[in-house]
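In our numbering, the protein residues as written are 3 to 243.
Where is the CB? At the ideal position from N, CA and C, for every residue including glycine.
Quick notes on the structure that follows.
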């Protein structure tokens, strides 16, 4: 569905092509090691995946905006709106348009995780892994959608810039992004602490333009949690590869 430059995308969970191995990776585990040493954990992941696919509600909101100018660290947009930050200036130089994006896996799976946590923690953690894996896959689908829009114009895309990256803090980026979209259209809200609800929700921006190139190296290098994240290097990211 598209209206005034805003597109709402809804995905069938099967389209995300999730596997039990991806679920295990999303829990920070090595599937090869677990299949050899702890097959019961793999069985739980497989059961959680089958159940989780019936609960996922993957959807995204994409708003395309023309870029008016980029001065140092401020990218000016129509209606006196702007995106500001060191990462904005670094990665969106040359963008003719930006795609402001919010995507979510929905609430149903989160509710089921909370229900299961008291009775069957391993299963609940596996369901959480399903949610993490689905969110990675959803990120890829959204990035591909924006990339196709760029390709139609003979353009390229930047990396997926998210609040919390080095040079664009959550305190900077989150208010800027949510001022540009009606996230409630896909059931997403942000609280006074700038945390998004449902929990498995991501916001960000992608630059579109001639000569745009994704940054070199894995996305973990640009994350403010680079030194402490236990998932470092384990997640598929659409801005690489």
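Reduced DSSP category for residue 160 - H, G, I as helix; E, B as strand; rest coil: strand
Leaving aside the five residues before and after residue 80 along the sequence, list all residues of the same chain whose C-beta is less than 8 angstroms from its C-beta, in chain order. 67, 68 and 70
Once the 5 residues before and after residue 148 are set aside, which same chain residues still bring their CB inside 8 angstroms of it? 64, 101, 103, 159, 208 and 210
Distance between residue 174 and residue 96 (C-alpha atoms, nearest Å): 21 angstroms
For residue 115, I'd like the list of residues in its chain whose CB is within less than 6 angstroms of its CB, leaving aside the five on either flank, ordered along the chain. 126, 129 and 130
Assign residue 164 to buried or exposed, taking buried as 16 or more other Cβ atoms, counted over all protein chains shown, within 10 Å of its Cβ. buried
Candidates 42, 24, 84 and 20: which alpha carbon is nearest residue 181's? 84
Give the list of continuous alpha helix (DSSP H) stretches no shorter than 4 residues that lie fully inside the segment 80 to 147. 88 to 93 and 110 to 119
What residue range does the alpha helix (DSSP H) around residue 175 cover? 172 to 180
Is residue 17 helix, strand or coil when you go by DSSP? helix
Just how far apart, CA to CA, sit residue 48 and residue 39? 16 angstroms
Expressed to the nearest angstrom, what Euclidean distance is found between the alpha-carbon atoms of residue 31 and residue 89? 31 angstroms
Can you tell me whether residue 168 is helix, strand or coil according to DSSP? coil
Apart from the five residues on each side of it in sequence, which residues of its chain come closer than 8 angstroms, Cβ to Cβ, to residue 33? 22, 23, 26, 27 and 44
Specify the secondary structure class of residue 76 as computed by DSSP and reduced to three states. strand
Whole-angstrom distance between residue 76 and residue 226, CA atom to CA atom: Since pLDDT at residue 226 reaches only 41, below the 50 mark, its modelled position is unreliable, and no value is offered.
Taking all protein chains shown into account, do 16 or more other C-beta atoms lie within 10 angstroms of the C-beta of residue 195, making it buried, or fewer, making it exposed? exposed
Residue range of the unbroken alpha helix (DSSP H) whose run includes residue 36: 33 to 39
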